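Undergrad: All residue numbers for the sequence shown refer to the working numbering, where the first residue is 1 and numbers rise by one. Quick one: the structure is below, and I'll ask about it shortly.
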Amino acid sequence: MSTWSNIASTTFGSLCVISALPLLGVPFPTRAWASYYADKNRWMSQLSNGRLTPEQAGYAAAGLRIAVGAGCIYPRTRVLALLVNGAVVCRGTMVAYRDGRPMSPQWTMLGAIALCLGLELL
């Protein structure tokens, strides 16, 4: 299973790193993604009770995504990175549900984390 775990976690980690771009306002892969994440940055700013601007919320989220992605790519930190990301996404899922936010991205991320952890622990 090590080969499948490496493939899944490296792919997931790479996607985490790449997905930091729209959080920073870069229209990658499409403008729709940048628009979705700009709205998410505004929402995260509101959740911070104004302590963070939308731009700061985007930078913080991008930094976390890059750190988690790098952690998933490197085998020694993989499980810890997946567990930390799982905790963050679980909390985000509860808040997103409470606030009526789109749930599809939450379930997709939780599913990917579960798959990577499952393959890692086999």
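For each residue, glycine too, the CB sits at the ideal point set by N, CA and C. Given the structure is predicted, the values throughout are model-derived calculations rather than measurements.
(1) So Y36 is in the alpha helix (DSSP H); what residue range does that whole segment cover?
(2) Only counting the same chain, and skipping five residues up and downstream in sequence, which positions put a Cβ closer than 7 Å to that of A20?
(3) Between which two residues does the alpha helix (DSSP H) holding M94 run?
(4) Check whether the Cβ atoms of V95 and L47 lie closer than 8 Å to each other.
(5) With distances taken from CA atoms, which of R51, P54 and G86 is nearest V68?
(6) How is L52 classed by DSSP in three states: helix, strand or coil?
TA: Quick answer:
(1) R31 to L47
(2) A62, R65 and I66
(3) R78 to R98
(4) yes
(5) G86
(6) coil
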